[in-house]
Amino acid sequence: MILDEIAEKTRERVAAGKKEIPPEEMKRMALRKERGDFPFERALRREGLSFICEVKKASPSRGLIAKDFPYREIAADYEAAGAAAVSVLTEPYFFQGENRYLSEIAETISLPVLRKDFTVDEYMIYEAKVIGADAVLLICTLLGETELRRGIETAHELGLSALVEAHDRKEIDEALAAGARIIGVNNRNLRDFTVDIENSIRLRDAVPEDVLFVSESGIRTPQDIRRLRENGTDTVLIGESLMMSADRKRALQELWGECDAEKS
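All letters in the sequence shown, in the order written, are residues 726 to 989 by the numbering used here.
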């Protein structure tokens, strides 16, 4: 399965990283940085539906998405169009991401930045802090209960938000038990990469109102935005539909227009 392949390559990457920068040194580097005050979480709590927009060069399902990849410019376009936060892929093998993309984007824009990667080790959370992230992704499917709880605790100790990704009701329960303050329901099944936007609509009532609810993947149209907003979704994470648009700023503004129309 593709998720197993990604996880295995990520473990190899972490092992190589630990040889270059030992875990104790990575932790020291992270702790030397100013503790964050959870800007990602605060940005998502603003009134109305908020948008996390993704900077992504490639994916296993689509292959190469952006041959020309002006990642700083893409992130700036998202900020100008009203995004609440930006998600940056740093996984190198399947998504052609790099840590430097995130670091340079964080220096370019004022929005909080999510490190989108397949966290399999606490080392990656400290690394996320070092490279400039404001939030990390923790995927329930990849982590046991103890690992998930510790991952959330480590992120919070550093002032980083943890977007905890679930795909079904059982994983939502695990996320809540681990102390998640932000839960993202992925409409993409990471085992076979099929997409069903109804997944997050069905599961909205499993997440308490005081926990931020994010709908991830497969969101393409103003009609999708309307349905999710009416269903009580707090935030949407949008990637491929924006990345594949000829005018990303306009595409996001059109989605915003639908959202604004729903508010009036």
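Glycine residues also receive a C-beta, built at the ideal position from the N, C-alpha and C atoms.
Following the DSSP letters along the chain, one finds Ser925 in no beta strand (DSSP E) but inside the alpha helix (DSSP H) bounded by residues 923-928. Closest option to Ala755, judged by alpha-carbon separation, among Phe776, Met849, Phe765: Met849. As the crow flies, the alpha-carbon of Ala931 is around 7 Å from that of Arg894. Closest option to Met969, judged by alpha-carbon separation, among Glu745, Lys782, Glu847, Ile777: Lys782.
Between Ile864 and Ala905 a beta carbon distance of about 12 Å is seen, past the 8 Å cut, so the two are scored as non-contacting. Taking one beta carbon from each stretch, the region 973-981 and the region 793-808 have 3 or more pairs nearer than 8 Å; the two touch. In this structure, DSSP gives Glu852 a helical state, which the three-state scheme calls helix. Annotated three-state conformation of Ser775 is strand, per DSSP. For Phe820, the closest C-alpha among the options Ala801, Ile790, Glu798, Asn924 is that of Ile790. Taking 8 Å as the cut-off, the beta carbon of Asp935 is found no closer than this to the beta carbon of Leu769. In this structure, Leu827 lies near Val813, with their beta-carbon atoms less than 8 Å apart. In the DSSP assignment, Phe765 falls within the unbroken alpha helix (DSSP H) covering 764-769. In the same chain as Lys752, and ignoring 5 residues on each side of it, the C-beta atoms closer than 6 Å to its own belong to Tyr851, in chain order.
Counting only unbroken stretches of 3 or more residues, no beta strand (DSSP E) element lies wholly within the region 727-769. With fewer than 16 neighbouring CB atoms inside 10 Å of its own CB, Asp793 falls in the exposed class. Around the beta carbon of Ala741, a 10 Å sphere encloses fewer than 16 other beta carbons of the protein chains shown; the residue is thus reported as exposed. Where Glu798 is concerned, the enclosing alpha helix (DSSP H) starts and stops at 796-806. Restricted to the region 878-925, the beta strand (DSSP E) segments that are unbroken, complete and at least 3 residues in length are 886-891, 907-911, listed in chain order.
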